[in-house]
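Input: a single structure, listed below in structure tokens.
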Amino acid sequence: MPSKRPRKPSTPKVHPAENQRPTNASGNDLATEISAAGKWAKRAVTFFVIFHLMAMFLPPLAFQAAGALGPSPFVDTLLQPFRRYGEMLYLNRGYAFFAPDPGPSHLIQARVTDSSGVVSETLSPDRKTQWPRLLYHRHFMLSEFLNEVYQPPGPPAELYEIDRLGAEMWAQSRLRYEHVRQSYVEHLENKHDGKEVAIRRIEHVIPGHVEFANAPISISDPRLYIIMQDQQIADELLEPVGPAELIPAPPVAGNNGAAAPTTDTPTTDTPTTDTPTTDTSTTDTSAEGEPAAATEPAVATQPEGVIESTNATDSTNGDAQ
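According to full-length UniProt numbering, the sequence shown is numbered sequentially starting from 1.
Structure follows, in structure tokens:
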């Protein structure tokens with residue numbers, strides 16, 4: 001039998017247009033344009049991510065690098081291109097955490113008196129009544145702001161003679177505090193249907209490590225809440241508590257720079273009678289002739305706190321420091 005010839009593999013017929021790469025209306029290679037556009041898109045996304053991360057990283061760095069003379073010039077220069085972007089998205093925060101040594105917190109105690117004389121007191125912020133947590137944090141920031149802008153009554157009249165600019169700044173700071181305090185009072189009066197409202201500041205201190213180790217105490221113990229008095233700085237607190245320090249005069253130097261020698265003058269021994277003397281500078285005798293008890297130096301004490309009145313210009317009513 002004759003052998004069969006192997007069949008040749010048939011090649012599919014391809015339309016001539018299928019071998020051509022797709023092009024756009026201008027005749028350019030579409031795949032090349034897509035690849036180029038993808039590269040630019042990746043670059044744009046990469047640039048945006050880096051820009052956003054820098055806008056988040058630099059504000060905390062500027063906050064930590066700031067000193068007594070102001071912000072760091074180097075960090076502040078780096079922050080300039082990102083400042084408006086951070087302000088728009090509220091990213092320019094100086095993050096600083098309280099741990100490991102948190103300071104005291106400050107609260108506002110309000111006393112509400114109705115027309116019949118019934119008094120009710122509230123403390124803000126209050127985690128039990130102010131929920132969700134964001135509402136509590138809002139009141140927490142308000143109480144801290146009131147304490148931050150506090151300025152004692154004054155200034156003393158003597159300060160105008162010594163530092164007039166400082167005295168004017170003191171008076172302006174006090175006026176600012178009174179306006180802020182009065183705005184809090186008016187808000188509470190509106191909230192409580194026009195009832196009489198008075199407020200004062202409370203400081204909630206935290207016991208130190210040594211104190212807590214010696215005598216453990218609850219963080220909510222009433223002894224840790226201190227009334228902050230609003231009173232003028234007493235003049236006696238500004239006065240020195242003791243005599244001025246006497247510095248001995250240096251020895252007189254001779255021609256060669258050494259201390260000048262002293263000459264001993266001979267004295268004649270004359271008999272003297274020892275008469276007992278009484279030092280009246282340290283002891284005081286009473287009418288009966290017995291020494292009186294030694295008295296302790298006077299220490300200025302602060303009066304008890306008085307809740308602030310609704311009149312913001314009355315500096316004698318206490319919110320007090």
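Heads up, the beta-carbon is just placed ideally off N, CA and C, and yes, glycines get one too.
Proximity to residue i [Cα-Cα], best of the options
i           : options                           : result
Leu175      : Leu146, Met88 and Pro60           : Leu146
Ile233      : Gly154, Thr32 and Ser183          : Gly154
Thr77       : Pro207, Leu91, Leu89 and Pro59    : Pro59
Asp193      : Val112, Glu158, His204 and Gln130 : Val112
Leu188      : Glu121, Leu91, Arg83 and Arg133   : Glu121
Glu148      : His137, Ala65 and Arg181          : Arg181
residue 353 : Ile206, Pro222 and Met228         : Residue 353 is absent from the structure shown; the chain starts at 1 and stops at 321.
Met141      : Asp230, Gly117 and Pro125         : Pro125
Pro222      : Asp230, Val210 and Ile206         : Ile206
Met54       : His106, Pro81, Lys191 and Gly38   : Pro81
Ile226      : Phe63, Glu158, Asp163 and His106  : His106
Tyr184      : Glu158, Thr46 and Glu144          : Glu144
Ala110      : Ser218, Glu186 and Glu211         : Glu186
Rounded straight-line distance, which links the Cα of residue j to that of residue i
i      : j      : result
Gln151 : Trp170 : 7 Å
Glu87  : Ile108 : 30 Å
Ile202 : Pro216 : 22 Å
Leu89  : Phe57  : 14 Å
Gly103 : Tyr85  : 32 Å
Ala41  : His52  : 16 Å
Leu69  : Leu165 : 20 Å
Arg43  : Ile34  : 14 Å
Ala287 : Gln231 : Summary for Ala287: the model assigns pLDDT 38, below 50, so the residue's position carries little reliability, and this model does not support an answer.
Asn92  : Val118 : 47 Å
Leu135 : Thr129 : 10 Å
Ser72  : Ala62  : 7 Å
Trp160 : His179 : The amino acid at residue 160 is misidentified as Trp; the sequence shows Tyr. Distance between the alpha carbons of Tyr160 and His179: 23 Å.
Glu168 : Tyr177 : 14 Å
Thr32  : Thr46  : 21 Å
Arg83  : Arg127 : 35 Å
His137 : Trp131 : 9 Å
Glu211 : Asn190 : 43 Å
Ser220 : Val197 : 25 Å
Arg133 : Leu123 : 16 Å
Ala37  : His139 : 51 Å
Leu238 : Ser218 : Because Leu238 sits at a pLDDT of 49, beneath the cut-off of 50, its placement in the model cannot be relied upon, and the following sentence gives the value as read from the coordinates. Taking the straight line from one Cα to the other gives about 36 Å.
Ala157 : Gly67  : 33 Å
Ile162 : Gln172 : 17 Å
Leu79  : Lys39  : 28 Å
Boundaries (first-last residue) of the beta strand (DSSP E) holding residue i
i      : result
Tyr225 : Tyr225 to Ile227
Leu123 : Val119 to Ser124
CB-CB length for residue i against residue j, believed under 8 Å
i      : j      : result
Asp114 : Lys195 : 5 Å
Val49  : Ala65  : That belief does not hold up - the Cβ atoms of Val49 and Ala65 are roughly 24 Å apart, past 8 Å.
Leu224 : His204 : 6 Å
One or two residues paired with residue i in a DSSP bridge
i           : result
His106      : Glu203
residue 355 : Given a span of 1 to 321 for the chain in the structure shown, any question on residue 355 remains unanswerable.
Gly86       : Per DSSP, none; premise fails for Gly86.
Gly38       : Looking at the DSSP assignment, Gly38 forms no beta bridge with any residue, so it has no partner.
Bounding residues of the alpha helix (DSSP H) (the contiguous stretch that carries residue i)
i      : result
Phe212 : His209 to Asn214
His179 : Arg164 to Lys191
Thr129 : Counting along the chain, Thr129 falls outside any alpha helix (DSSP H), and DSSP gives it neither H nor E.
Pro156 : First-last for Pro156: undefined, no H or E at that position.
Val149 : Premise fails: Val149 is in no alpha helix (DSSP H) and is neither H nor E.
Pro73  : Pro73 to Leu79
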